[in-house]
Amino acid sequence: MAAAIVSVSSICLSPSSSTSSPAQEMQSVVSTRSLSFQGLRASKALQKPLPVAVLFQKPSLRKGVTISMSYEAGMGVMGTKVGMMTYFTDVGEAIPVTVIGFREGNVVTQVKTDLTDGYNSVQIGYRRVRDRKLTKPELGHLSKCGAVPLRHLQEFRLTSVDGFEPGQKLSIDELFKEGDLVDVSGNSIGKGFQGGIKRWNFRRGPMTHGSKSHRQLGSIGAGTTPGRVYPGKKMPGRMGGTKTKIRKLEVIKVDTELRTLIVKGAVPGKAGNLLRIAPAKIVGKNIPKS
Amino acid sequence: MASSCLRQVAASPAGFKTLVLSSTSSKPCRGAAHVKVQLACSFRGSALRLAVNASQKSNKHTRAIVAAEAVAETAEVEAEVVVSADEAPIVEVEQPEAPLRTGKSRKTKGLKNIMETLHKRAIEAATEGKNIPDIRTGDIVQLRVEVPENKKRVSLLRGICIGRQNAGIHTTFRIRRVIAGVGVEMVFPLYSPNIKEIKVIDKRKVRRAKLFYLRDKIARLSSC
Numbered sequence: 001m002a003a004a005i006v007s008v009s010s011i012c013l014s015p016s017s018s019t020s021s022p023a024q025e026m027q028s029v030v031s032t033r034s035l036s037f038q039g040l041r042a043s044k045a046l047q048k049p050l051p052v053a054v055l056f057q058k059p060s061l062r063k064g065v066t067i068s069m070s071y072e073a074g075m076g077v078m079g080t081k082v083g084m085m086t087y088f089t090d091v092g093e094a095i096p097v098t099v100i101g102f103r104e105g106n107v108v109t110q111v112k113t114d115l116t117d118g119y120n121s122v123q124i125g126y127r128r129v130r131d132r133k134l135t136k137p138e139l140g141h142l143s144k145c146g147a148v149p150l151r152h153l154q155e156f157r158l159t160s161v162d163g164f165e166p167g168q169k170l171s172i173d174e175l176f177k178e179g180d181l182v183d184v185s186g187n188s189i190g191k192g193f194q195g196g197i198k199r200w201n202f203r204r205g206p207m208t209h210g211s212k213s214h215r216q217l218g219s220i221g222a223g224t225t226p227g228r229v230y231p232g233k234k235m236p237g238r239m240g241g242t243k244t245k246i247r248k249l250e251v252i253k254v255d256t257e258l259r260t261l262i263v264k265g266a267v268p269g270k271a272g273n274l275l276r277i278a279p280a281k282i283v284g285k286n287i288p289k290s
Numbered sequence: 291m292a293s294s295c296l297r298q299v300a301a302s303p304a305g306f307k308t309l310v311l312s313s314t315s316s317k318p319c320r321g322a323a324h325v326k327v328q329l330a331c332s333f334r335g336s337a338l339r340l341a342v343n344a345s346q347k348s349n350k351h352t353r354a355i356v357a358a359e360a361v362a363e364t365a366e367v368e369a370e371v372v373v374s375a376d377e378a379p380i381v382e383v384e385q386p387e388a389p390l391r392t393g394k395s396r397k398t399k400g401l402k403n404i405m406e407t408l409h410k411r412a413i414e415a416a417t418e419g420k421n422i423p424d425i426r427t428g429d430i431v432q433l434r435v436e437v438p439e440n441k442k443r444v445s446l447l448r449g450i451c452i453g454r455q456n457a458g459i460h461t462t463f464r465i466r467r468v469i470a471g472v473g474v475e476m477v478f479p480l481y482s483p484n485i486k487e488i489k490v491i492d493k494r495k496v497r498r499a500k501l502f503y504l505r506d507k508i509a510r511l512s513s514c
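Protein chains in written order, with this note's numbering: chain A, 1 to 290; chain B, 291 to 514.
Here it is, written out as structure tokens:
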């Protein structure tokens, strides 16, 4: 009896799920899903797998998963920090610039679409390594698009992924021009366990005049009320070594011969650091509406 | 090195593979050279045949080039080749280790030369029209500097070079002079496009790379 209910409800749902809008679909799916689930639990005899119609739902809705990756303003690449130098402009200004080099890589390894994965993104591989450095599952994933063994894989979530195919090589001169603004993110230099002054820019106490507190935190809260320290109170701890994004760096030069990108200013990490370079997300201009 | 090369060949799938090994030795030896190579190959039905080509003699050392071909296979092949060249080194390859590589060079492998090349190119571009003399500590120099704010050309500056910092395109030098009773130090990037002309007027004998001691000395020593 319970089994019959389950199958009927899911069958009548299938035509609606393919045509209705996502919002309605969500509601209808959730309501019938819960009924069928109860039905499943009630009947001990029911050991069947999920009905076919349920399997054809959007993956994101099927498991109640929300995708939290934020959109990129455009396609980006991965690079390596090479070093810094000075660039003299025509006016005669000396500006500090960072040189970003590109190893063998920046190949599209997978294109995720709404239908297959629930969101649109392009996955890129970077930095060729020896076969032995990667596991067999990783190698299999890369051989599916015909790519060489690549160490790093990163996704760039876009509003539309037309024009990207697995195995496509991305070149920097197509994506970036001189004068563009880019966001560069990478792991910052680790500073270890640091105190409040270095980590949170606290001011230190007086060094003389009888002071006993020079580099301490000072007060960490009020009195009997609330009678506790708030979570998130800035305290000493590990500083650095985390993903940091530097926004709106100007591209000074795109050198195709040396395969470098020269941006104004500094980027996280030391020479050899993996960087993720994407077009700058500027409020009011090119942040996609999700 | 020789055996490591051969080891790589052995690892690849079966078939006929031609190997070229080269070994250099700084000790020129006379007589026949023995190249002992020990292999563990897992080919089927192919054995290693080593053919040695004539060696070349260069100024200081001789080189023996050994070409190897996988012909028929055995489980472990030990090949002894006698080089019948005139003068060839006696090389006994005992499976040397690969050169140790530190982590630092690994990170920027393949990207190292970029910085050098960029600095070189920038310096070449900056020195195209101008003639930049070699400024050393202790030189009395005279500069023509253009100030971009005023757009005037003049600004003749003079002084003794009290230090030079080499940093590729951002090589800088410090000029010191006592102007109207006040000691003035100026730092200039050597390859800045604002410096129109540099002239070395005089040289003073100094026994230091940086003449910061002039700051504590009497004004006469810093005026020029």
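The beta carbon of each residue, even a glycine, is placed where N, CA and C say it ideally should be.
A quick note: this is a predicted structure, and the numbers were derived from the prediction, not measured.
Does the separation of the CB atoms of residue i and residue j fall below 9 Å?
i: methionine 85 of chain A; j: asparagine 106 of chain A; result: no
i: isoleucine 124 of chain A; j: threonine 109 of chain A; result: yes
i: proline 279 of chain A; j: glycine 76 of chain A; result: yes
i: threonine 427 of chain B; j: glycine 453 of chain B; result: yes
i: serine 185 of chain A; j: arginine 276 of chain A; result: yes
i: glycine 118 of chain A; j: cysteine 145 of chain A; result: no
i: serine 513 of chain B; j: valine 468 of chain B; result: yes
i: tyrosine 71 of chain A; j: arginine 157 of chain A; result: yes
i: isoleucine 172 of chain A; j: threonine 89 of chain A; result: no
i: valine 82 of chain A; j: leucine 480 of chain B; result: no
i: arginine 505 of chain B; j: isoleucine 430 of chain B; result: no
i: cysteine 451 of chain B; j: arginine 464 of chain B; result: yes
i: valine 65 of chain A; j: valine 122 of chain A; result: no
i: leucine 258 of chain A; j: leucine 408 of chain B; result: yes
If we ignore side chains and look at the alpha-carbon of each, how far apart do residue i and residue j end up?
i: alanine 412 of chain B; j: lysine 233 of chain A; result: 49 Å
i: tyrosine 503 of chain B; j: asparagine 484 of chain B; result: 29 Å
i: glycine 163 of chain A; j: lysine 500 of chain B; result: 59 Å
i: threonine 224 of chain A; j: alanine 94 of chain A; result: 57 Å
i: arginine 497 of chain B; j: arginine 466 of chain B; result: 17 Å
i: glutamate 406 of chain B; j: arginine 103 of chain A; result: 17 Å
i: threonine 291 of chain A; j: threonine 116 of chain A; result: Since the first residue shown for chain A is 1 and the last is 290, residue 291 of chain A is missing from the structure and cannot be characterised.
i: isoleucine 246 of chain A; j: valine 267 of chain A; result: 7 Å
i: arginine 215 of chain A; j: tryptophan 200 of chain A; result: 12 Å
i: arginine 510 of chain B; j: serine 445 of chain B; result: 23 Å
i: isoleucine 508 of chain B; j: lysine 243 of chain A; result: 54 Å
i: arginine 353 of chain B; j: asparagine 403 of chain B; result: The predicted position of arginine 353 of chain B is uncertain, since its pLDDT is 45 and thus under 50; a value taken from the coordinates is nonetheless stated next. Near 29 Å, if we compare the C-alpha coordinates of asparagine 403 of chain B and arginine 353 of chain B.
i: leucine 153 of chain A; j: leucine 261 of chain A; result: 20 Å
i: glycine 449 of chain B; j: glutamate 487 of chain B; result: 14 Å
i: lysine 136 of chain A; j: lysine 281 of chain A; result: 37 Å
i: leucine 274 of chain A; j: proline 226 of chain A; result: 45 Å
i: tyrosine 230 of chain A; j: lysine 212 of chain A; result: 25 Å
i: serine 219 of chain A; j: asparagine 286 of chain A; result: 43 Å
i: serine 315 of chain B; j: alanine 147 of chain A; result: Residue confidence for serine 315 of chain B is low, a pLDDT of 44 falling below 50, so the modelled location carries little weight; the figure read from the coordinates is stated next. Cα-Cα distance, rounded: 41 Å.
i: glycine 210 of chain A; j: glycine 196 of chain A; result: 22 Å
i: glycine 284 of chain A; j: leucine 181 of chain A; result: 15 Å
i: alanine 470 of chain B; j: glycine 92 of chain A; result: 29 Å
Kindly indicate which residue of the options has the alpha-carbon position closest to the one of residue i.
i: leucine 217 of chain A; options: A/Pro231, A/Val229, A/Phe202, A/His209; result: A/Phe202
i: glutamine 432 of chain B; options: B/Arg426, B/Lys442, B/Leu447, B/Asp424; result: B/Leu447
i: asparagine 120 of chain A; options: A/Ser185, A/Phe176, A/Val267, A/Ser68; result: A/Ser68
i: arginine 132 of chain A; options: A/Thr116, A/Leu150, A/Lys144; result: A/Leu150
i: alanine 271 of chain A; options: A/Asp117, A/Tyr71, A/Gly64, A/Gly101; result: A/Gly101
i: glycine 221 of chain A; options: A/Met235, A/Leu261, A/Gly265, A/Ser143; result: A/Met235
i: serine 482 of chain B; options: B/Asp429, B/Thr461, B/Lys402, B/Gly471; result: B/Thr461
i: threonine 98 of chain A; options: A/Gly92, A/Thr80, A/Thr89; result: A/Thr80
i: lysine 264 of chain A; options: A/Pro137, A/Asp183, A/Leu170; result: A/Asp183
i: glutamate 155 of chain A; options: A/Leu261, A/Ile282, A/Lys281, A/Gly74; result: A/Gly74
i: aspartate 424 of chain B; options: B/Ile491, B/Lys441, B/Lys442; result: B/Ile491
i: valine 111 of chain A; options: A/Glu165, A/Arg228, A/Leu139; result: A/Glu165
i: glutamine 455 of chain B; options: B/Lys441, B/Ala470, B/Val477; result: B/Val477
Name the one or two DSSP bridge partners that residue i has.
i: phenylalanine 193 of chain A; result: A/Arg238
i: lysine 493 of chain B; result: B/Asp429
i: asparagine 187 of chain A; result: A/Lys243
i: proline 137 of chain A; result: According to DSSP, proline 137 of chain A bridges with nothing at all.
i: phenylalanine 463 of chain B; result: B/Arg454, B/Phe478
i: lysine 81 of chain A; result: A/Ile100
i: glutamine 110 of chain A; result: A/Gln123
Given 8 Å as the limit, is there contact between the region 419-426 of chain B and the region 437-445 of chain B, that is, 3 or more CB pairs closer than that? Touching, no.
For the 8 Å Cβ check, are there 3 or more pairs between the region 233-242 of chain A and the region 183-193 of chain A? Yes, the region 233-242 of chain A is in contact with the region 183-193 of chain A.
Does the pairing of the region 247-255 of chain A with the region 168-178 of chain A give three or more beta-carbon distances under 8 Å? Counting C-beta pairs with one atom in each stretch, the region 247-255 of chain A and the region 168-178 of chain A have three or more that are closer than 8 Å, which means they touch.
Please identify, using Cβ separations under 7 Å, the residues of the region 68-94 of chain A that lie next to chain D, in order along the chain. Annotation note: the requested chain D is absent from the structure, which comprises protein chains A and B.
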